[in-house]
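Visitor: Quick one: the structure is below, and I'll ask about it shortly.
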Amino acid sequence: MFKLAIITVAVTSVAAHLPALNTVQDARLQANSLLRCWEPMDDKNPSAGYALSEPLYTLCSYMPDPKEYEKFYVNGVDESSDDYTNIYKMFTDVAERHAVLNVCLQEGFQFHAETHPSQTSFRCLCKRDGCNVPKHLLTFLDYNKKVIPQH
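With mature numbering (1 follows the signal peptide of the UniProt record, and there is no 0) as the guide, the letters of the sequence shown map in order to residues -16 to -1, 1 to 135.
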């Protein structure tokens, strides 16, 4: 029993002296990792809540509803859904001591005849574990300013 207490104190002491990560270090550490992204527990019923996926994704997505920013859609990004080459380049082509935390895009789509208005959307892509936190847009942006706790 006495030996166990000494080991616990030693481990706690060593852990207490480790420098804390900052946001740039956190982003760089996770740059090449598979990510867990927040996803709805039930696609048809948002009130069912959200859960973190398994570590399957290279990007997570956060998309506010185009009419009500209080609503949002979160998921892991299926890489076959689009060409993300330029997005990945934004995350990787950065100067020392710099990290891109989110890439947010406002996009236009013409699904109907040209005489009809285009549809638009706004989405943010992020590259850290759990970065697409299922909260209001401003909370999402504030959350990503910090080191993201490991879940």
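The beta carbon of each residue, even a glycine, is placed where N, CA and C say it ideally should be.
Any idea what DSSP makes of Lys(-14), helix, strand or coil?
Guide: Here the model assigns Lys(-14) a pLDDT of 44, short of 50, so the residue's position is not dependable, and the following value carries that caveat. DSSP places Lys(-14) in helix when its eight states are reduced to three.
Visitor: On the CB-based measure, 16 or more other CB atoms within 10 Å of its CB, does Glu23 come out buried or exposed?
Guide: Buried.
Visitor: Does Ile132 come out as helix, strand or coil in the three-state DSSP assignment?
Guide: Coil at Ile132, not helix or strand.
Visitor: Rounded to whole angstroms, what's the CA-CA distance from Ser31 to Cys44? Just pull it up for me.
Guide: Going from the Cα of Ser31 to the Cα of Cys44 covers about 20 angstroms.
Visitor: Would you tell me roughly how many angstroms separate the C-alpha atoms of Cys110 and Leu5, rounded to the nearest one?
Guide: So the two alpha carbons sit approximately 18 angstroms from each other.
Visitor: I need the straight-line Cα distance from Met74 to Ala97, nearest angstrom please.
Guide: Those two C-alpha atoms are separated by around 33 angstroms.
Visitor: Where does Phe124 fall in DSSP's three states?
Guide: Phe124 falls in the helix class under three-state DSSP.
Visitor: When you compare the CB positions of Pro48 and Phe106, do they come within less than 8 angstroms of one another, or not?
Guide: Cβ atoms of Pro48 and Phe106: closer than 8 angstroms.
Visitor: Indicate the three-state DSSP secondary structure (helix, strand or coil) for Gln9 in the structure shown.
Guide: Of the three classes helix, strand and coil, the one that applies to Gln9 here is helix, per DSSP.
Visitor: My assumption, with CB atoms under 8 angstroms, is that Cys21 sits in contact with Gly60. Please give the rounded CB distance.
Guide: With 8 angstroms as the limit, Cys21 and Gly60 qualify as a contact, their Cβ atoms being about 4 angstroms apart.
Visitor: Here's a check: name, in chain order, each residue in its chain whose Cβ is nearer than 8 angstroms to the Cβ of Phe124, leaving out the five neighbours to either side.
Guide: Within the same chain, Phe124 has close Cβ partners Tyr46, Phe56, Cys108, Asn116 and Val117.
Visitor: Beta-carbon separation of Leu40 and Asp113 under 8 angstroms?
Guide: It is not a contact, given that the beta carbons lie outside the stated cut-off.
Visitor: Would Gly92 pass as a contact of Thr104 if the rule is Cβ separation under 8 angstroms?
Guide: Cβ distance < 8 angstroms, so Gly92 and Thr104 count as in contact.
Visitor: What three-state label does DSSP hand Asn86 in the structure shown?
Guide: Strand.
Visitor: If you run the structure through DSSP and keep just helix, strand and coil, what is Met25?
Guide: Of the three classes helix, strand and coil, the one that applies to Met25 here is coil, per DSSP.
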